[in-house]
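Asks:
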DNA sequence: TTATTCATGTAATTTGTTACATGATTCT
DNA sequence: AGAATCATGTAACAAATTACATGAATAA
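Protein chains in written order, with this note's numbering: chain A, 2 to 179; chain B, 2 to 179.
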């Protein structure tokens, strides 16, 4: 395969847990990895097709609950490819943080607007964290400790961000009182 | 302009601080925002050209130290556009975290390999943090508190990550002793 | 009966990187 | 003299999103 930092491996990974459809993959990603790695139908379905042609996955057309489904499973070749990827050292994290980019230029914004945006951002982070916790409690049986830890990372990261912006906000608030 | 989550606004932002060349923009991004927002020459130069045609920036060709340069500056229109962007609420953070994606599947890897990869990852994070601190001490005069805070976020985020993976490592190490 | 969810898929577009080409200047 | 840095730029490619199209089944 080409690049090893693409959507390909998360799909192989999902199938390494269980054979499933493209729709299932999308759902699994949404409730588990979307915070640190997301994918859309527009990348999942074509990638499954490409991988079937490459012999990494096999499709079985089935009818479940009167619904048409294409259940994909790893081939031996596919599992080999996935395991080889899994042993590699990870790529460095890539972030697009719009709030921080704006912060870099906030000197040009009136103080009260900076305070308002920052406060609103904190509220949004708290809302996102709540959403995550709802997913967590809805999804009872988190198979293994590794999967659980990725979820914990999500919560810890929100706590880090919330704490960081709250500290920033307090510093900005206290500054011009002097 | 089209989307407000593109390279366009970081370029306008750099020019809002000072008129500068594409090369200067690339350098400024590298030492200041690359951790949370990066861009390559292949996006910077064509974007500058596009923005000049749109009347957001103006270029002045100059010779500095015997070197040809195109110094771009914001037009009134460009500054208006930038200030409008600056007041908007930020988009949520977008992350591609390869290490966490792999962690999600690490049950399928032998314990000792997980420990080795995690330990190596911690070392890499420490090395990146050192690099960042070198940039910081090299760059003496960080204009304003906002810019300084984005740099501080970088260090704090590395500390968060290092701490998080160290905790994970200890938990994994202590587990099977029982 | 109508809206929502389940389910698959494609085409157009967006966005950006990588790699290359070019050439002047400065450091070693 | 040769390597590294300064400086601009383009073409090919990669990767993925968005928006749309389709249709069946189920919930309100």
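Backbone N, C-alpha and C define an ideal beta-carbon position, used for all residues, glycine too.
Only a predicted model underlies this, so the values are computations on that prediction, with no experimental measurement involved.
Rounded to whole angstroms, what's the CA-CA distance from residue 18 (chain A) to residue 148 (chain A)? Just pull it up for me.
Replies: The alpha-carbon atoms of residue 18 (chain A) and residue 148 (chain A) are separated by roughly 11 angstroms.
Asks: Given a limit of 8 angstroms on CB to CB distance, which residues of the region 52-70 of chain B reach chain A?
Replies: Against chain A - using a Cβ distance shorter than 8 angstroms - the region 52-70 of chain B contributes no residues.
Asks: Look up residue 69 (chain B) in the DSSP assignment and give the residues it is bridged to.
Replies: Per DSSP, B:64.
Asks: Could you tell me which whole beta strand (DSSP E) segments of length 3 or greater appear in the region 79-158 of chain B?
Replies: Counting only runs of 3 or more, we get 95-97.
Asks: Along the chain, where does the alpha helix (DSSP H) containing residue 20 (chain A) start, and where does it finish?
Replies: No alpha helix (DSSP H) contains residue 20 (chain A), which DSSP labels as neither H nor E.
Asks: Let's see if you can read the secondary structure: which residues bound the alpha helix (DSSP H) around residue 48 (chain A)?
Replies: From DSSP, the alpha helix (DSSP H) with residue 48 (chain A) extends over 42-54.
Asks: Just by C-beta distance, which residues in the region 4-27 of chain A are closer than 7 angstroms to chain B?
Replies: Hits within the stretch, in order: 6, 11, 14, 17.
Asks: Between the Cα of residue 23 (chain A) and the Cα atoms of A:72, A:33, A:163, A:105, which residue gives the shortest distance?
Replies: Nearest C-alpha to residue 23 (chain A): A:72.
Asks: Residues of chain B with CB under 7 angstroms from residue 92 (chain A), in chain order?
Replies: Within chain B, the residues near residue 92 (chain A) are 99.
Asks: Kindly indicate if chain B contains any beta-carbon less than 8 angstroms away from that of residue 121 (chain A).
Replies: It does: the Cβ of residue 121 (chain A) has a partner Cβ on chain B nearer than 8 angstroms.
Asks: Given this structure, state the Cα-to-Cα distance separating residue 41 (chain B) from residue 29 (chain A), to the nearest angstrom.
Replies: Computed Cα separation, rounded: 33 angstroms.
Asks: Using the Cα positions of residue 151 (chain A) and residue 158 (chain A), report the straight-line distance between them to the nearest angstrom.
Replies: Approximately 10 angstroms between the Cα atoms of the pair.
Asks: Three-state secondary structure (DSSP) at residue 57 (chain B)?
Replies: In this structure, residue 57 (chain B) counts as coil in the three-state DSSP scheme.
Asks: Within the same chain, show all residues whose beta-carbon is closer than 8 angstroms to that of residue 53 (chain A), passing over the 5 residues directly before and after it, in chain order.
Replies: Once the five neighbours on either side are set aside, the close Cβ partners of residue 53 (chain A) are 59, 60, 73.
Asks: Compile a chain-ordered list of the residues in the region 146-175 of chain A whose CB is closer than 7 angstroms to at least one CB of chain B.
Replies: Answer in chain order: 147, 148, 150, 151, 154, 157, 161, 165, 169.
Asks: Between the Cα of residue 64 (chain B) and the Cα atoms of B:116, B:103, B:21, which residue gives the shortest distance?
Replies: When only C-alpha atoms are compared, the closest one is B:21.
Asks: Using only alpha-carbon positions, find the residue among A:123, A:106, A:111 that is nearest to residue 145 (chain B).
Replies: Closest by alpha carbon: A:106.
Asks: Hey, residue 45 (chain B) and residue 32 (chain B): beta-carbon distance below 8 angstroms or not?
Replies: In this structure, residue 32 (chain B) does not lie closer than 8 angstroms to residue 45 (chain B) by Cβ.
Asks: Taking the alpha-carbon of residue 117 (chain B) as reference, which of B:166, B:5, B:89 has the nearest alpha-carbon?
Replies: Ranking B:166, B:5, B:89 by Cα distance to residue 117 (chain B) puts B:166 first.
Asks: Tell me which same chain residues have a C-beta within less than 7 angstroms of the C-beta of residue 5 (chain B), skipping the five on either side of it?
Replies: Answer for residue 5 (chain B): 86, 89, listed in chain order.
Asks: For residue 3 (chain A), does the count of other Cβ atoms within 10 angstroms reach 16, so buried, or fall short, so exposed?
Replies: Under this definition residue 3 (chain A) is an exposed residue.
Asks: Given residue 15 (chain A), which residues of its chain have a CB within under 8 angstroms of its CB, disregarding the five upstream and five downstream residues?
Replies: Excluding positions up to five away in sequence, the list reads 21, 25, 26, 29, 30.
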